[in-house]
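Numbering (my numbering), first residue to last: 369 to 577. Have a look at the structure below before the remarks.
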């Protein structure tokens with residue numbers, strides 16, 4: 369079964385509390401989402417493999433650590449996932465960025481793909497799929513299925529706020545994908561919103577309420 373890591377770092381908890389407030393405006397919300405994503409990326413990349421390489425300092429030759437083999441890719445689920453990309457790129461500027469666009473069919477309520485553009489070597493990379501909210505888990509599960517169908521094997525999922533229903537769906541559909549969340553909330557309401565949550569992350573990031 370995949371690992372579910374709920375971030376307990378005080379800075380992450382403090383910033384998540386800030387973005388939950390309804391009076392937090394779009395600019396502050398956007399900045400804070402980016403900061404939280406950067407802090408979470410620091411934690412989520414803890415288990416990346418390293419290898420020894422020999423370099424030369426101004427003084428002498430020595431052996432240092434470098435990320436081994438597979439490099440990173442960040443794949444936001446459009447559109448809210450875009451808010452997490454810049455913060456992660458602050459830490460891993462060499463990461464490549466793909467994009468997956470999904471919308472929910474109003475009849476079936478199932479996610480439908482409308483856009484997918486990935487780095488050419490995505491299958492060789494450690495891929496972090498990012499979306500601020502893990503609610504029902506439908507969109508994130510569909511996005512990960514799309515990646516697997518394109519040959520991607522090393523996938524992690526990162527969100528800022530998760531509902532238990534979304535965690536359960538992800539573990540059922542993708543037991544091989546580790547989940548990193550900034551907070552685990554109580555439940556979903558009858559409209560599919562996370563409670564207590566923070567409302568619609570995309571609207572709050574882009575000011576489209």
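Ideal placement from N, C-alpha and C gives every residue a C-beta, glycine not left out. If you're wondering where the values come from, they're calculated on a predicted model, not measured in any experiment.
Query raised in the report: Counting pairs of Cβ atoms below 8 Å between the stretch 543-554 and the stretch 450-469, do you hit three or more?
Result: No, the stretch 543-554 does not touch the stretch 450-469.
Query raised in the report: Pick from 520, 406, 510, 565: whose alpha carbon is nearest that of residue 483?
Result: 510
Requested in this report: Round the Cβ separation of residue 448 and residue 501 to the nearest angstrom and send it over; I've been treating them as touching at under 8 Å.
Outcome: 7 Å
Query - Three-state secondary structure (DSSP) of residue 387 - result: helix
**Report entry** Secondary structure of residue 503, DSSP reduced to three states
**Finding:** coil
Query raised in the report: Hey, out of 440, 441, 419, whose CA is closest to residue 432's CA?
Result: 419
**Report entry** N-terminal and C-terminal residue of the beta strand (DSSP E) that residue 528 is part of
**Finding:** 522-530
**Report entry** Own chain residues within Cβ distance below 6 Å of residue 486, not counting five before or after
**Finding:** 466
Query raised in the report: Which residues in the same chain as residue 488 place their Cβ atom closer than 7 Å to its Cβ, once the five residues preceding and following it in sequence are excluded?
Result: none
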